[in-house]
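Visitor: Going line by line, the protein sequences match chains A and B. Throughout the first sequence, residue numbering follows the UniProt record's numbering, covering 1 to 250 in sequence. Throughout the second sequence, residue numbering follows the UniProt record's numbering, covering 1 to 250 in sequence. We treat Cβ as the ideally placed atom computed from N, Cα and C, and that holds for glycine. What you are looking at is a predicted structure, and each value in this text was computed from that prediction instead of being measured.
2 protein chains.
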Amino acid sequence: MAPRPASKPAEPSDKVGLICRALRRAIIEQALAPGAKLPEDSLGERFGVSRTIARHALGQLAAEGLVELRRNRIAVVATPSWQEARDAFDIRIELERLVVRQLAGKLTKAQIAELNTHVDAEDRARDGSDAVSIRLATEFHILLANMTNSPILVRYVSEVAYRCCLTLSLYSRPHSSECAINEHRAIIAALVKGDEAKVMSLMHSHLDSVASRALVAPAPQRGRDLLDILAPYAEEGERVVKLPKVVRAR
Amino acid sequence: MAPRPASKPAEPSDKVGLICRALRRAIIEQALAPGAKLPEDSLGERFGVSRTIARHALGQLAAEGLVELRRNRIAVVATPSWQEARDAFDIRIELERLVVRQLAGKLTKAQIAELNTHVDAEDRARDGSDAVSIRLATEFHILLANMTNSPILVRYVSEVAYRCCLTLSLYSRPHSSECAINEHRAIIAALVKGDEAKVMSLMHSHLDSVASRALVAPAPQRGRDLLDILAPYAEEGERVVKLPKVVRAR
DNA sequence: TGCGCCTCAATTGCATGCAGTTTGAGGGCC
DNA sequence: GGCCCTCAAACTGCATGCAATTGAGGCGCA
């Protein structure tokens, strides 16, 4: 009967989940820009785990669409096309309308307080880095989703919100999120009031305006240049031709 | 300049994907019922790969919600609660309304033919096993999603459709999918006609009726007995008390 | 007979090792 | 000077091995 000095329930470890969370956060804060390389070794070394674990984590993130995995190639942070970004926002709108529909008039006092606290934090971070603002704004939506107590809805909203975050860093140049905060407050108010239709419409226009502010030009306005421009021309997505290489006759 | 005898594009291998697809199919055809154990060794042996690969595949399926992974325990086919099933259908309704909204009036002749062919196959399978009927019905919806050319939408619709499939095997007893086939035909007709509002409403009522036919009773009507019944009483989802074990005073 | 403890086979968590593929940098050739 | 070829380093794909945890059967005790 060893004294068992509280070493039993210690760490559930879950190293994979740890790495996933870290990478997710790094990605949405743009510490890792789209296209950034993610070699298994480096990740493993950085997090003090073996390649096996890093690899597994990359697999999970790829399933979420945050990472692109090509066989025998280094994993990279996903670079969604403009169309994919638009699609993600469309899906997000529907999912989040569902969230607020379920939540309207059903929030507890504690939940309302939590939401207000969060928006206050958004307010305070307004002068900080854009990255933090974006993260907080995203987390507001995830916080809402969490309150539905529907694990599935939480997962989908989180995933698609992260993806949208990713596209923001790709396609929106200056990022103006100030007004978004007021829209968050309006959503909370409508939720408390219990006006289902109103809050659904608010959420719709909120996300729609974020999307349209961000996804302005279908034409890539400058970033990543050649790669992006050539992407649509690579038929099967397989191997874009190098730079000055001309495809010559067989 | 080797002749390169077409050995280059041969097998991309992708053993993980292979196993995932196989398991997914086995699950939705109810060859693997909810709660079925999925030991890594056995899977690896069965598919001729190492545990590493089997493990990775299980991780992917867990991310999709088809498999439950508990630390240090054997993976099992997911057993969604009744509430989760209901949530999945709610999400599915919104996603598939989006699908048909995007598709209304935009189908090519080839696509229409493909859809009709599929429904014909559903018709022919009507006398076969329920499992095949369910699979075909699900694949109809995934086929629709595919036609949106939105990879994200395809992924979410597929996932949530598989999850719903899973719940059908749990909560619906006899399964009556005959009328569903006619509803599929009606949806195709409305899509061709291009009536957005009509087709969205059709899809809504179609899925709603499938859900309500399947998810009849919030009370577990019989299956899996004690485990299911006790589940809601396990506060943190952690470790349901054994059978005749009484929690005694400290 | 029944209840609890103990032990051990089964199984997972994770790291490491080896083989095959890709990358990109240098050198030779035009 | 530019192109191509070659080769080695870097990296991924996968299997295997070892330690830790689980849970199930067996043994002892009441």
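Please state whether the Cβ-Cβ distance between B:H204 and B:I53 is less than 9 Å.
Guide: The sequence position of residue 204 of chain B within the second sequence is 204, counting from 1. The sequence position of residue 53 of chain B within the second sequence is 53, counting from 1. No, the pair does not count as a contact, with Cβ atoms beyond the cut-off.
Visitor: In whole angstroms, give me the CA-to-CA distance for B:V132 and A:S209.
Guide: Within the second sequence, residue 132 of chain B is the residue found at index 132, counting from 1. Within the first sequence, residue 209 of chain A is the residue found at index 209, counting from 1. The straight-line gap from Cα to Cα measures roughly 44 Å.
Visitor: Check whether the Cβ of residue 251 of chain B lies closer than 9 Å to any Cβ atom in chain A.
Guide: The displayed coordinates of chain B run from 1 to 250. Any statement about residue 251 of chain B would go beyond what the structure contains.
Visitor: Ignoring anything shorter than 4 residues or poking outside the UniProt domain "HTH gntR-type" (13 to 80) of chain B, list the alpha helix (DSSP H) runs there in chain order.
Guide: Fully enclosed alpha helix (DSSP H) runs of 4 or longer: 15 to 28, 40 to 47 and 51 to 64.
Visitor: Does B:S150 have its Cβ less than 9 Å from a Cβ in chain A?
Guide: Translated into the one-based positions of the second sequence, residue 150 of chain B becomes position 150. Cβ-Cβ to chain A under 9 Å: yes for B:S150.
Visitor: Taking the C-alpha atoms as reference points, what is the distance between A:V100 and A:M200?
Guide: The count along the first sequence starts at 1 and reaches residue 100 of chain A at position 100. The count along the first sequence starts at 1 and reaches residue 200 of chain A at position 200. Computed Cα separation, rounded: 6 Å.
Visitor: Helix, strand or coil for B:D195? Go by DSSP, reduced to three states.
Guide: Counting from one through the second sequence, the residue named residue 195 of chain B turns up at place 195. Three-state DSSP puts B:D195 in coil, outside helix and strand.
Visitor: Any C-beta of chain A sitting closer than 9 Å to the C-beta of B:A63?
Guide: Start at 1 with the first residue of the second sequence, and residue 63 of chain B comes out as number 63. At least one chain A Cβ lies under 9 Å of B:A63.
Visitor: Within 8 Å, do at least three Cβ pairs link the stretch 182 to 196 of chain B to the stretch 151 to 166 of chain B?
Guide: Taking 8 Å as the limit for Cβ pairs, the verdict is that the stretch 182 to 196 of chain B does not touch the stretch 151 to 166 of chain B.
Visitor: For chain A, find out if any of its Cβ atoms is closer than 9 Å to the Cβ of B:L153; answer yes or no.
Guide: Indexing the second sequence from 1 puts residue 153 of chain B at position 153. Taking Cβ atoms only, chain A reaches closer than 9 Å to B:L153, which makes this a yes.
Visitor: Just to confirm, is the Cβ distance from A:A190 to A:L202 under 9 Å?
Guide: Taking the first residue of the first sequence as 1, we reach residue 190 of chain A at position 190. Taking the first residue of the first sequence as 1, we reach residue 202 of chain A at position 202. Yes, these two residues count as a Cβ contact at 9 Å.
Visitor: Between the alpha carbons of A:L58 and B:R73, how many angstroms are there, rounded?
Guide: Position 58 of the first sequence, counted from the start, is the residue given in the question as residue 58 of chain A. Position 73 of the second sequence, counted from the start, is the residue given in the question as residue 73 of chain B. If you take the alpha carbons of A:L58 and B:R73, they lie about 22 Å apart.
Visitor: With DSSP as the reference, label B:M203 as helix, strand or coil.
Guide: Translated into positions along the second sequence, residue 203 of chain B becomes position 203. Note: B:M203 maps to helix in three-state DSSP.
Visitor: Say whether the stretch 129 to 145 of chain A touches the stretch 95 to 114 of chain A, bearing in mind that this needs 3 or more beta-carbon pairs closer than 8 Å, one atom from each stretch.
Guide: Touching, yes.
Visitor: Any idea if A:V216 is buried or exposed, counting beta-carbon neighbours within 10 angstroms, 16 or more meaning buried?
Guide: Your numbering for residue 216 of chain A matches position 216 in the first sequence. By the neighbour-count rule (16 or more Cβ atoms within 10 Å), A:V216 is not buried but exposed.
Visitor: Among the residues of its own chain, which have a CB less than 6 Å from the CB of B:S172, if the five just before and after it don't count?
Guide: Here residue 172 of chain B is taken as the residue at index 172 of the second sequence, counted from 1. Hits under 6 Å: A214.
Visitor: On the three-state DSSP scale, how would you describe B:S158?
Guide: As a position in the second sequence, residue 158 of chain B is number 158, starting the count at 1. In this structure, B:S158 counts as helix in the three-state DSSP scheme.
Visitor: Give the C-beta separation of B:A211 and B:F89 to the nearest angstrom, bearing in mind that I take them to be a contact with Cβ-Cβ under 8 Å.
Guide: The residue labelled residue 211 of chain B in the question sits at position 211 within the second sequence. The residue labelled residue 89 of chain B in the question sits at position 89 within the second sequence. Rounded, the Cβ-Cβ distance is 4 Å, consistent with contact.
Visitor: Which class does A:K106 belong to by DSSP, given the choice of helix, strand or coil?
Guide: Here the question's residue 106 of chain A lines up with position 106 in the first sequence. In the structure shown, A:K106 sits in coil (DSSP, three-state: anything other than H, G, I, E or B).
Visitor: Assuming contact is defined by CB atoms lying nearer than 9 Å, are B:A78 and B:C164 in contact in what I supplied?
Guide: Start at 1 with the first residue of the second sequence, and residue 78 of chain B comes out as number 78. Start at 1 with the first residue of the second sequence, and residue 164 of chain B comes out as number 164. No.
Visitor: Using a 10 Å radius around the Cβ and a threshold of 16 neighbouring Cβ atoms, would you call A:E122 buried or exposed?
Guide: Taking the first residue of the first sequence as 1, we reach residue 122 of chain A at position 122. Buried, since its Cβ has 16 or more Cβ neighbours within 10 Å.
Visitor: Can you look up A:T167 in the DSSP assignment and give me helix, strand or coil?
Guide: Counted from its first residue, the first sequence places residue 167 of chain A at position 167. Correct three-state label for A:T167: helix.
Visitor: Which term fits B:G48, buried or exposed, when burial requires 16 or more other beta carbons within 10 angstroms of its beta carbon?
Guide: Taking the first residue of the second sequence as position 1, residue 48 of chain B is located at position 48. Counting Cβ neighbours within 10 Å, B:G48 comes out exposed, since fewer than 16 surround it.
Visitor: First and last residue of the alpha helix (DSSP H) that includes A:N146?
Guide: Within the first sequence, residue 146 of chain A is the residue found at index 146, counting from 1. Looking at the DSSP string, the run of the alpha helix (DSSP H) that includes A:N146 is D130 to N146.
Visitor: Let me make sure I understand the geometry here. Which of A:S42, A:C20, A:A26 and A:L107 has the alpha-carbon closest to that of A:S169?
Guide: Taking the first residue of the first sequence as 1, we reach residue 169 of chain A at position 169. Measuring from the Cα of A:S169, the nearest candidate turns out to be A:A26.
Visitor: Going by beta carbon distance, what residues of the same chain come within less than 7 Å of A:G35, once the five residues before and after it are set aside?
Guide: Looking up residue 35 of chain A in the first sequence gives position 35. Result list for A:G35: V76, V77, T79 and R224, in chain order.
Visitor: For A:A88 and chain B, any beta-carbon pair shorter than 9 Å?
Guide: Position 88 of the first sequence, counted from the start, is the residue given in the question as residue 88 of chain A. True, the Cβ-Cβ gap to chain B drops below 9 Å.
Visitor: Under 7 Å Cβ-Cβ, which residues of chain A neighbour B:I74?
Guide: Residue 74 of chain B sits at position 74 when you count from the first residue of the second sequence. By Cβ distance, chain A contributes nothing, its closest Cβ being about 17 Å from B:I74, past 7 Å.
Visitor: Within 9 Å (strictly less), CB to CB, does A:K162 reach chain B?
Guide: Residue 162 of chain A sits at position 162 when you count from the first residue of the first sequence. Sequence check: residue 162 of chain A is Tyr here, not Lys. False, the Cβ-Cβ gap to chain B never drops below 9 Å.
Visitor: Cα-Cα, which of B:E64, B:G128, B:I28 and B:R21 is closest to B:L43?
Guide: Here residue 43 of chain B refers to the residue found at position 43 of the second sequence. For the residues B:E64, B:G128, B:I28 and B:R21, the minimum Cα distance to B:L43 belongs to B:R21.
Visitor: At the level of alpha carbons, what is the spacing between B:R155 and B:A62?
Guide: What you label residue 155 of chain B is simply residue 155 of the second sequence in a count that begins at 1. What you label residue 62 of chain B is simply residue 62 of the second sequence in a count that begins at 1. If I take the Cα positions, the gap works out to 15 Å.
Visitor: On the premise that B:G194 lies in contact with B:S104, defined as a C-beta separation below 8 Å, what is that separation, rounded to the nearest angstrom?
Guide: Position 104 of the second sequence, counted from the first residue, corresponds to residue 104 of chain B. Position 194 of the second sequence, counted from the first residue, corresponds to residue 194 of chain B. The residue asked about is misnamed: residue 104 of chain B is Ala in this sequence, not Ser. That belief holds up - the Cβ atoms of B:A104 and B:G194 are roughly 5 Å apart, short of 8 Å.
Visitor: Spell out whether any CB of chain A is found under 9 Å from the CB atom of B:H56.
Guide: As a working mapping, residue 56 of chain B is identified with position 56 in the second sequence. For B:H56, the answer is yes, since a Cβ of chain A falls inside 9 Å of its Cβ.
Visitor: Am I right that A:R51 and A:E40 are in contact with their C-beta atoms under 8 Å? What's the rounded C-beta distance?
Guide: What you label residue 51 of chain A is simply residue 51 of the first sequence in a count that begins at 1. What you label residue 40 of chain A is simply residue 40 of the first sequence in a count that begins at 1. Rounded, the Cβ-Cβ distance is 4 Å, consistent with contact.
Visitor: Would A:E45 be called buried (16 or more neighbouring beta carbons within 10 Å of its own) or exposed?
Guide: Stepping through the first sequence from its first residue, residue 45 of chain A is reached at position 45. Exposed, by the Cβ-count rule.
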